[in-house]
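Undergrad: After the structure tokens below, expect a handful of questions from me.
Protein chains: 2
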Amino acid sequence: MIRRLSQARERGIPEATVARLPLYLRALNGMAERGLATVSSEDLAVAAGVNSAKLRKDLSHLGSYGTRGVGYDVEYLIYQISRELGLTQDWAIAIVGVGNLGRALANYGGFVSRGFRIAALLDADPEVVGDHIAGLNVEHIDELEAVIRRRGVSIVVLATPAVAAQQVADRVVAVGVTSILNFAPVVLSVPDGVDIRKVDLSIELQILAFHEQRKTDRMTGGPAMAEEWPEAVDL
Amino acid sequence: MIRRLSQARERGIPEATVARLPLYLRALNGMAERGLATVSSEDLAVAAGVNSAKLRKDLSHLGSYGTRGVGYDVEYLIYQISRELGLTQDWAIAIVGVGNLGRALANYGGFVSRGFRIAALLDADPEVVGDHIAGLNVEHIDELEAVIRRRGVSIVVLATPAVAAQQVADRVVAVGVTSILNFAPVVLSVPDGVDIRKVDLSIELQILAFHEQRKTDRMTGGPAMAEEWPEAVDL
DNA sequence: CTCACTTTGTGCACCGGTTCACAAAAGGAC
DNA sequence: GTCCTTTTGTGAACCGGTGCACAAAGTGAG
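Note that the protein sequences, when read in sequence, are chains X and C.
At position 98 of the first sequence the residue is numbered 98 (the working numbering), and the sequence of numbers has no breaks.
At position 77 of the second sequence the residue is numbered 1077 (the working numbering), and the sequence of numbers has no breaks.
See below:
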């Protein structure tokens, strides 16, 4: 018995590959809009900003969906990647914390266009509860568990202040949520089996600052070596 | 001649380490606030959510700042990491695109507290230009080059719509900016020597969806294998 | 059918990063 | 000082991921 389809798939796509699939998907969608029917790994790689060997290896993990001498069928590949990522089903997400960031996320178009549906906005501030944002009514955090259950929310986005994040995380995990996207600048602790992805805006800036410093150091001859703990601070 | 300080440093901290330094820094700041004077690699690792061997190796790249049998001096380590990341100087950043996200970023507290100073907000929409946000006046994008030069902006944050991002990137690079934090969902192309970091909110969600799907598949016995391209769509 | 050309899929060598496990160093008790 | 405990700093094995380079598979011309 030959299990053609799954030879390479066999339950297990490298994490690095998964992280790039959305990139390919976006590039492919652009191509589909412009009416392209097929695309070579080389062209797609350029559009996605990766090298073509890597792209081919990534796609090979999903199956053998290309045609040698021709390339990949754009629509077909879009479908396969979408299915692999789980975007062919619709995901109900809840955003907790409707500050500036929460509002920005609620209004962000990139979600709905990809199978994500914002099913609830929640906040603790009575001043904010009742507001209408992006067509949704902001509900009180007390409703958290009820809302998650009632609307089948499976992914929760945390945009709360740092101090509230762990507490909210505990509550959503307790109701069975196993996927959390965390914008609060704290390390959340959750049980095994719960996936957390973290986005920290200030960390990205700090990494840029590091490299920027290196660049300017190099130009000015580079101090770095000389700099020391200024004045023996009371150990 | 013994170059004690730089033996391990010698120009070159692994990228993975740099990405974690901000994490350690945040954990350390929390400890300093609570009055802790020293901390072991084990405790700090837990607070930062990493394993202690990794933490020690990371810190060893900066130099030998710990004391065996004791741990690390909290204040001293904060200073060393800050210096390494370039946070002891102040960085002027400009935010281009003052939509929901741009506003959220402008109001985000995590920046100023870490040596970053928002020096300008720019937008193309005359409706938005002139608004006051987070104490700043929103200026017209035509002023981009002048503002960057005049205020010594060295890091630019792109929060524009996707179509505008490349164009703005070209302009800021032309004035000499070499560090860009990009929130627009496009692959920017820039010359060598320019650092770009990308944050894509929808990609993070897609990665979560992938894992979430895997989890629910597993429970329901897992379809996946059966699923195929529905109906021979016109190739 | 054969030949020339294109493009995929992948074996393999390589590399950065992680983890283990332990020697070296420091502090404290006596 | 000696011994015992704690904790760092790092050598070395390991692991996942990258990129080269090429055989295999397809197309199209003649």
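Cβ atoms here follow ideal geometry from the backbone N, Cα and C, with glycine treated the same way.
Can you give me the C-alpha to C-alpha distance between X/N107 and X/V172, rounded to a whole angstrom?
TA: 23 Å
Undergrad: Buried or exposed: X/T178, going by 16 or more other Cβ atoms within 10 Å of its Cβ?
TA: buried
Undergrad: I'd like the ranges of any beta strand (DSSP E) spanning at least 3 consecutive residues and lying wholly in the segment 1068-1125 of chain C.
TA: 1071-1073, 1091-1096 and 1116-1123
Undergrad: What is the DSSP secondary structure of C/I1207, counted as helix, strand or coil?
TA: helix
Undergrad: Pick helix, strand or coil for C/G1049, following the three-state DSSP scheme.
TA: The answer is coil: DSSP assigns C/G1049 none of H, G, I, E or B.
Undergrad: CA-CA distance, X/P161 and X/L121?
TA: 15 Å
Undergrad: State buried or exposed for C/A1119, treating a residue as buried only when at least 16 other CB atoms are found within 10 Å of its CB.
TA: buried
Undergrad: Quick check: the Cα distance between X/A165 and X/L136, rounded to an integer number of angstroms?
TA: 22 Å
Undergrad: Please name the residue, chosen from C/T1216, C/K1215, C/M1219 and C/F1210, that lies closest to X/E15 on a Cα-to-Cα basis.
TA: C/F1210
Undergrad: Let's test the definition: count the other Cβ atoms within 10 Å of the Cβ of X/P185 and tell me whether it reaches 16, buried, or not, exposed.
TA: It is buried - the Cβ of X/P185 has at least 16 other Cβ atoms within 10 Å.
Undergrad: My guess is that X/N182 and X/I196 are in contact by the Cβ rule of under 8 Å, so how many angstroms apart are they, rounded?
TA: 6 Å
Undergrad: So that I know if they touch, is there some Cβ in chain X lying closer than 8 Å to that of C/L1087?
TA: Residue contact check for C/L1087 against chain X: a CB pair falls below 8 Å.
Undergrad: With a CB to CB cut of under 7 Å and the five nearest residues on each side skipped, what residues in its chain are close to C/E1246?
TA: One cannot answer for residue 1246 of chain C here, as it falls past the ends of chain C, which runs 1001 to 1235.
Undergrad: By the 10 Å Cβ neighbour count, where 16 or more other Cβ atoms means buried, how is C/D1058 classified, buried or exposed?
TA: buried
Undergrad: Using the beta-carbon of each residue, which ones in chain C are nearer than 8 Å to X/Q213?
TA: Within 8 Å of the CB of X/Q213, the CB atoms of chain C belong to L1085, G1086 and Q1089, in sequence order along the chain.
Undergrad: Can you give me the start and stop residues for the alpha helix (DSSP H) that X/E139 sits inside?
TA: It is not in any alpha helix (DSSP H) - X/E139 instead sits in the beta strand (DSSP E) that spans L136 to H140.
Undergrad: Give me the Cα-Cα distance between C/T1088 and X/V190, rounded to the nearest whole angstrom.
TA: 34 Å
Undergrad: Can you tell me whether DSSP reads X/T160 as helix, strand or coil?
TA: coil
Undergrad: I'd like to know if C/E1288 contacts chain X, where contact means its C-beta is closer than 8 Å to some C-beta of that chain.
TA: The displayed coordinates of chain C run from 1001 to 1235. Any statement about residue 1288 of chain C would go beyond what the structure contains.
Undergrad: Ends of the alpha helix (DSSP H) at C/R1026?
TA: E1015 to E1033
Undergrad: Output needed in chain order: residues of the segment 1170-1198 of chain C with a Cβ under 7 Å from some Cβ in chain X.
TA: T1178, S1179, L1181, P1185, V1187, D1195 and R1197
Undergrad: Can you find a C-beta in chain C that's less than 8 Å from the C-beta of X/I118?
TA: no
Undergrad: Alpha carbon to alpha carbon, how far is X/L77 from X/V70? Give it in angstroms, no decimals.
TA: 14 Å
Undergrad: Just verifying my parser: in three-state terms, what is the DSSP assignment at C/W1216?
TA: At residue 1216 of chain C the sequence reads Thr, which differs from the Trp that was named. Helix at C/T1216.
Undergrad: Expressed to the nearest angstrom, what Euclidean distance is found between the alpha-carbon atoms of C/I1148 and X/G97?
TA: Approximately 33 Å between the Cα atoms of the pair.
Undergrad: Short of 8 Å Cβ to Cβ, which residues in the segment 47-60 of chain X face chain C?
TA: A47, A48 and G49
Undergrad: Can you tell me whether X/G102 is buried or exposed? The criterion is at least 16 other CB atoms within 10 Å of its CB, across all chains shown.
TA: With at least 16 other beta carbons inside 10 angstroms of its own, X/G102 counts as buried.
Undergrad: Is there a Cβ of chain X sitting closer than 8 Å to that of C/G1152, yes or no?
TA: no
Undergrad: Could you tell me whether any Cβ in chain C is nearer than 8 Å to the Cβ of X/A146?
TA: The C-beta of X/A146 comes no closer than 8 Å to any C-beta of chain C.
Undergrad: Please determine, among C/Y1079, C/H1132 and C/T1038, the residue with the shortest C-alpha to C-alpha distance to C/D1123.
TA: The option with the nearest alpha carbon to C/D1123 is C/H1132.
Undergrad: For C/V1039, which residues does DSSP report across the bridge?
TA: C/Y1072
Undergrad: Contact defined as beta carbons within less than 8 Å: I believe C/A1094 pairs with C/V1156. What is the distance between those atoms, to the nearest angstrom?
TA: 5 Å
Undergrad: Using a Cβ-Cβ cut-off of 8 Å, state whether C/S1202 counts as contacting chain X.
TA: yes
Undergrad: Which term fits C/R1068, buried or exposed, when burial requires 16 or more other beta carbons within 10 angstroms of its beta carbon?
TA: exposed
Undergrad: Does any residue of chain C have a CB that is nearer than 8 Å to the CB of X/Y72?
TA: no
Undergrad: Considering C/R1150, what are the terminal residues of the alpha helix (DSSP H) in which it resides?
TA: L1144 to R1151
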